[in-house]
Amino acid sequence: MQQPEKQYTYANIHCLLVDLDDTLYPYHTGVWGMAANRIDQFLVEEIGVQPAEVKSMRERLFTQYGTTLRGLLIENKVDMDHYLDYVHDIPIDDLLAPDPELDQMFHTLPQRKVIFTNASTDHAKRVLRRLGIQHHFERIIDIYDIFPFCKPQIEAYHTTLDIIKEQSEHCLMIDDNARNLATARSLGISTVIVGPQPHDGNAHINEIKELGRLLTP
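Residues 0 to 216 (numbering that gives the first Met the number 0) are what the sequence shown spells out, left to right.
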(Lines of atoms letter the chains of each structure in order from A and count residues from 1; the text may use other names and numbers.)
(Lines give C-alpha, C1' and ligand atoms only; values in the text may rest on other atoms or scores of the structure.)
Protein backbone atom coordinates (compact mmCIF):
# COMPACT_ATOMS: atom_id res chain seq x y z
CA MET A 1 0.00 0.00 0.00
CA GLN A 2 1.39 3.39 -0.90
CA GLN A 3 2.08 5.93 1.80
CA PRO A 4 -0.48 8.58 0.69
CA GLU A 5 -3.29 6.00 0.61
CA LYS A 6 -2.38 4.77 4.09
CA GLN A 7 -2.40 8.28 5.51
CA TYR A 8 -5.67 9.16 3.80
CA THR A 9 -7.39 6.02 5.01
CA TYR A 10 -6.21 5.77 8.61
CA ALA A 11 -5.02 9.17 9.81
CA ASN A 12 -8.42 10.00 11.31
CA ILE A 13 -8.94 6.66 13.09
CA HIS A 14 -9.48 7.14 16.83
CA CYS A 15 -10.77 3.70 17.83
CA LEU A 16 -10.03 0.10 16.81
CA LEU A 17 -12.99 -2.29 17.02
CA VAL A 18 -11.33 -5.68 17.20
CA ASP A 19 -13.08 -9.02 16.82
CA LEU A 20 -12.03 -11.86 19.12
CA ASP A 21 -12.18 -15.43 17.83
CA ASP A 22 -10.13 -16.28 14.74
CA THR A 23 -8.98 -12.64 14.61
CA LEU A 24 -6.70 -12.18 17.63
CA TYR A 25 -5.24 -15.64 17.10
CA PRO A 26 -4.84 -17.80 13.95
CA TYR A 27 -7.81 -19.95 13.02
CA HIS A 28 -5.63 -23.06 13.02
CA THR A 29 -5.22 -22.91 16.81
CA GLY A 30 -8.48 -24.81 17.02
CA VAL A 31 -10.23 -22.55 19.53
CA TRP A 32 -13.18 -21.71 17.35
CA GLY A 33 -13.23 -25.20 15.88
CA MET A 34 -13.68 -26.62 19.36
CA ALA A 35 -16.36 -24.04 20.16
CA ALA A 36 -18.14 -24.97 16.94
CA ASN A 37 -18.07 -28.61 18.00
CA ARG A 38 -19.59 -27.59 21.33
CA ILE A 39 -22.40 -25.83 19.44
CA ASP A 40 -23.07 -29.04 17.50
CA GLN A 41 -23.06 -30.99 20.74
CA PHE A 42 -25.48 -28.50 22.33
CA LEU A 43 -27.93 -28.91 19.47
CA VAL A 44 -27.88 -32.68 19.85
CA GLU A 45 -27.88 -32.96 23.64
CA GLU A 46 -29.90 -29.91 24.68
CA ILE A 47 -32.25 -29.33 21.74
CA GLY A 48 -32.65 -32.90 20.51
CA VAL A 49 -31.51 -32.32 16.93
CA GLN A 50 -30.49 -35.45 15.06
CA PRO A 51 -26.73 -35.46 14.35
CA ALA A 52 -27.32 -35.70 10.61
CA GLU A 53 -29.39 -32.50 10.72
CA VAL A 54 -27.02 -30.37 12.79
CA LYS A 55 -25.04 -28.89 9.89
CA SER A 56 -28.09 -27.80 7.91
CA MET A 57 -29.75 -26.37 11.01
CA ARG A 58 -26.69 -24.33 11.93
CA GLU A 59 -26.35 -23.02 8.39
CA ARG A 60 -30.00 -21.98 8.36
CA LEU A 61 -29.84 -20.27 11.76
CA PHE A 62 -26.61 -18.48 10.85
CA THR A 63 -28.00 -17.25 7.54
CA GLN A 64 -31.36 -16.24 8.95
CA TYR A 65 -30.35 -14.76 12.32
CA GLY A 66 -26.61 -13.98 12.18
CA THR A 67 -25.61 -16.50 14.84
CA THR A 68 -26.78 -19.91 15.98
CA LEU A 69 -27.48 -18.45 19.42
CA ARG A 70 -29.87 -15.78 18.20
CA GLY A 71 -31.76 -18.36 16.18
CA LEU A 72 -32.04 -20.65 19.19
CA LEU A 73 -33.21 -17.79 21.39
CA ILE A 74 -35.98 -16.95 18.95
CA GLU A 75 -37.01 -20.43 17.87
CA ASN A 76 -36.22 -22.59 20.90
CA LYS A 77 -36.21 -20.15 23.83
CA VAL A 78 -32.87 -21.47 25.08
CA ASP A 79 -31.27 -20.01 28.19
CA MET A 80 -28.60 -17.62 26.93
CA ASP A 81 -26.31 -17.97 29.94
CA HIS A 82 -26.42 -21.76 29.79
CA TYR A 83 -25.73 -21.81 26.05
CA LEU A 84 -22.72 -19.49 26.28
CA ASP A 85 -21.25 -21.33 29.26
CA TYR A 86 -21.70 -24.64 27.42
CA VAL A 87 -20.19 -23.48 24.12
CA HIS A 88 -17.23 -21.69 25.72
CA ASP A 89 -16.31 -24.60 27.99
CA ILE A 90 -13.06 -25.21 26.13
CA PRO A 91 -9.42 -25.45 27.32
CA ILE A 92 -8.16 -22.01 26.27
CA ASP A 93 -4.87 -22.45 28.13
CA ASP A 94 -4.12 -25.61 26.16
CA LEU A 95 -4.90 -24.03 22.80
CA LEU A 96 -3.37 -20.55 23.11
CA ALA A 97 -0.14 -19.17 24.54
CA PRO A 98 1.12 -15.72 25.59
CA ASP A 99 2.08 -13.69 22.52
CA PRO A 100 4.72 -11.03 23.31
CA GLU A 101 4.90 -9.94 19.67
CA LEU A 102 1.16 -9.23 19.62
CA ASP A 103 1.46 -7.42 22.95
CA GLN A 104 4.19 -5.18 21.54
CA MET A 105 2.23 -4.50 18.36
CA PHE A 106 -0.80 -3.24 20.28
CA HIS A 107 1.51 -1.21 22.52
CA THR A 108 2.74 0.76 19.50
CA LEU A 109 -0.76 1.72 18.35
CA PRO A 110 -2.10 4.93 19.97
CA GLN A 111 -5.76 4.41 19.10
CA ARG A 112 -8.42 3.35 21.60
CA LYS A 113 -8.89 -0.41 21.49
CA VAL A 114 -12.22 -2.15 22.04
CA ILE A 115 -13.19 -5.80 21.62
CA PHE A 116 -16.40 -6.21 19.58
CA THR A 117 -17.55 -9.83 19.72
CA ASN A 118 -20.58 -12.10 19.48
CA ALA A 119 -19.07 -14.13 22.33
CA SER A 120 -19.40 -13.51 26.07
CA THR A 121 -17.17 -11.23 28.13
CA ASP A 122 -16.03 -14.21 30.22
CA HIS A 123 -14.78 -16.00 27.10
CA ALA A 124 -13.16 -12.82 25.78
CA LYS A 125 -11.32 -12.21 29.06
CA ARG A 126 -9.98 -15.77 29.06
CA VAL A 127 -8.62 -15.33 25.54
CA LEU A 128 -7.14 -11.89 26.19
CA ARG A 129 -5.48 -12.95 29.44
CA ARG A 130 -4.00 -16.06 27.86
CA LEU A 131 -2.56 -14.03 24.99
CA GLY A 132 -1.26 -11.47 27.49
CA ILE A 133 -2.95 -8.48 25.83
CA GLN A 134 -5.91 -7.74 28.11
CA HIS A 135 -4.39 -4.47 29.35
CA HIS A 136 -4.60 -2.90 25.89
CA PHE A 137 -8.39 -3.01 25.66
CA GLU A 138 -10.48 -0.44 27.49
CA ARG A 139 -13.75 -2.24 26.90
CA ILE A 140 -15.26 -5.53 25.77
CA ILE A 141 -18.53 -5.15 23.88
CA ASP A 142 -20.05 -8.61 23.97
CA ILE A 143 -23.23 -10.42 22.98
CA TYR A 144 -25.02 -9.15 26.10
CA ASP A 145 -24.22 -5.52 25.30
CA ILE A 146 -25.71 -5.74 21.81
CA PHE A 147 -28.61 -8.08 22.71
CA PRO A 148 -31.09 -8.83 21.17
CA PHE A 149 -28.95 -8.23 18.10
CA CYS A 150 -25.53 -9.49 17.00
CA LYS A 151 -22.99 -8.98 14.27
CA PRO A 152 -23.66 -8.58 11.35
CA GLN A 153 -26.98 -6.90 12.19
CA ILE A 154 -26.71 -3.15 11.81
CA GLU A 155 -28.40 -2.47 15.17
CA ALA A 156 -25.44 -4.10 16.95
CA TYR A 157 -23.11 -1.57 15.33
CA HIS A 158 -25.29 1.40 16.24
CA THR A 159 -25.28 0.20 19.85
CA THR A 160 -21.51 -0.21 19.78
CA LEU A 161 -20.94 3.28 18.40
CA ASP A 162 -23.22 4.67 21.11
CA ILE A 163 -21.28 2.81 23.81
CA ILE A 164 -17.85 3.98 22.67
CA LYS A 165 -19.12 7.48 21.80
CA GLU A 166 -17.28 7.64 18.48
CA GLN A 167 -18.37 8.63 14.99
CA SER A 168 -18.25 5.80 12.46
CA GLU A 169 -15.67 7.58 10.28
CA HIS A 170 -13.25 7.58 13.21
CA CYS A 171 -13.43 3.80 13.71
CA LEU A 172 -11.59 0.90 12.14
CA MET A 173 -13.07 -2.59 12.46
CA ILE A 174 -10.81 -5.64 12.30
CA ASP A 175 -12.59 -8.98 11.78
CA ASP A 176 -12.19 -12.33 10.04
CA ASN A 177 -15.80 -12.36 8.79
CA ALA A 178 -16.66 -10.57 5.54
CA ARG A 179 -20.36 -10.27 6.44
CA ASN A 180 -19.50 -8.46 9.65
CA LEU A 181 -17.26 -6.05 7.79
CA ALA A 182 -19.82 -5.37 5.07
CA THR A 183 -22.21 -3.96 7.66
CA ALA A 184 -19.42 -1.84 9.14
CA ARG A 185 -18.58 -0.37 5.74
CA SER A 186 -22.24 0.49 5.13
CA LEU A 187 -22.00 2.78 8.17
CA GLY A 188 -18.78 4.43 7.08
CA ILE A 189 -16.51 2.39 9.34
CA SER A 190 -13.15 1.51 7.78
CA THR A 191 -12.43 -2.22 7.74
CA VAL A 192 -9.61 -4.74 7.72
CA ILE A 193 -10.21 -8.42 7.09
CA VAL A 194 -7.88 -10.88 8.82
CA GLY A 195 -6.97 -14.37 7.65
CA PRO A 196 -6.66 -16.41 4.46
CA GLN A 197 -9.91 -15.14 2.94
CA PRO A 198 -9.96 -13.27 -0.37
CA HIS A 199 -9.63 -9.50 -0.07
CA ASP A 200 -12.85 -7.98 1.24
CA GLY A 201 -12.70 -4.60 2.87
CA ASN A 202 -10.48 -1.54 2.87
CA ALA A 203 -7.50 -3.78 3.56
CA HIS A 204 -6.53 -7.42 4.00
CA ILE A 205 -3.91 -8.85 6.38
CA ASN A 206 -3.01 -12.48 6.85
CA GLU A 207 -2.71 -12.19 10.62
CA ILE A 208 -3.46 -9.60 13.27
CA LYS A 209 0.23 -8.87 13.85
CA GLU A 210 0.37 -7.16 10.45
CA LEU A 211 -2.02 -4.47 11.70
CA GLY A 212 0.79 -2.37 13.12
CA ARG A 213 2.55 -2.06 9.76
CA LEU A 214 -0.75 -1.20 8.10
CA LEU A 215 -1.54 1.65 10.49
CA THR A 216 1.94 3.06 11.05
CA PRO A 217 2.62 6.08 8.80
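For glycine and all other residues, C-beta sits at the position ideal for the given N, C-alpha and C.
**Message:** If you measure between the beta carbons of L94 and V30, is that distance less than 8 Å?
**Reply:** Yes. Within cutoff.
**Message:** Taking 8 Å as the limit between beta carbons, can you name the residues of its chain near I153, skipping five residues before and five after?
**Reply:** If the five residues before and after I153 are omitted, its C-beta is found closer than 8 Å to the C-beta atoms of T182, S185 and L186, all from its own chain and listed in chain order.
**Asked** Does DSSP classify K150 as helix, strand or coil?
**Response** For K150, the three-state secondary structure derived from DSSP is coil.
**Request:** Express the C-alpha separation of R111 and P132 in angstroms, rounding to a whole number.
**Result:** Residue 132 is actually Ile in this sequence, not Pro. Rounded to whole angstroms, I132 to R111 spans 14 Å at the Cα level.
**Request:** Measuring alpha carbon to alpha carbon, tell me which of V191, R69 and D141 ends up nearest I207.
**Result:** That would be V191, whose Cα lies nearest to the Cα of I207.
**Message:** Please state the DSSP three-state secondary structure of I89.
**Reply:** Coil, per DSSP.
**Cβ pair count under 8 Å reaching 3, the segment 13-20 against the segment 161-180** = Segments in contact, yes.
**Prompt:** Is it right to say I12 is buried, meaning 16 or more other beta carbons lie within 10 angstroms of its own, or is it exposed?
**Reply:** By the 10 Å Cβ count, I12 comes out buried.
**Prompt:** Measuring CA to CA, which of F61, L42, Y9 and P25 is closest to C149?
**Reply:** C149 has its Cα closest to that of F61, out of F61, L42, Y9 and P25.
**Message:** For R37, which residues in the same chain have their Cβ closer than 6 Å to its Cβ, ignoring the five residues on either side in sequence?
**Reply:** Excluding sequence neighbours, R37 sits near V86.
**Request:** Let me know the secondary structure DSSP gives T107 once reduced to three states.
**Result:** In this structure, T107 counts as helix in the three-state DSSP scheme.
**Assigned secondary structure, I207 (DSSP; H/G/I helix, E/B strand, else coil)** = It is helical.
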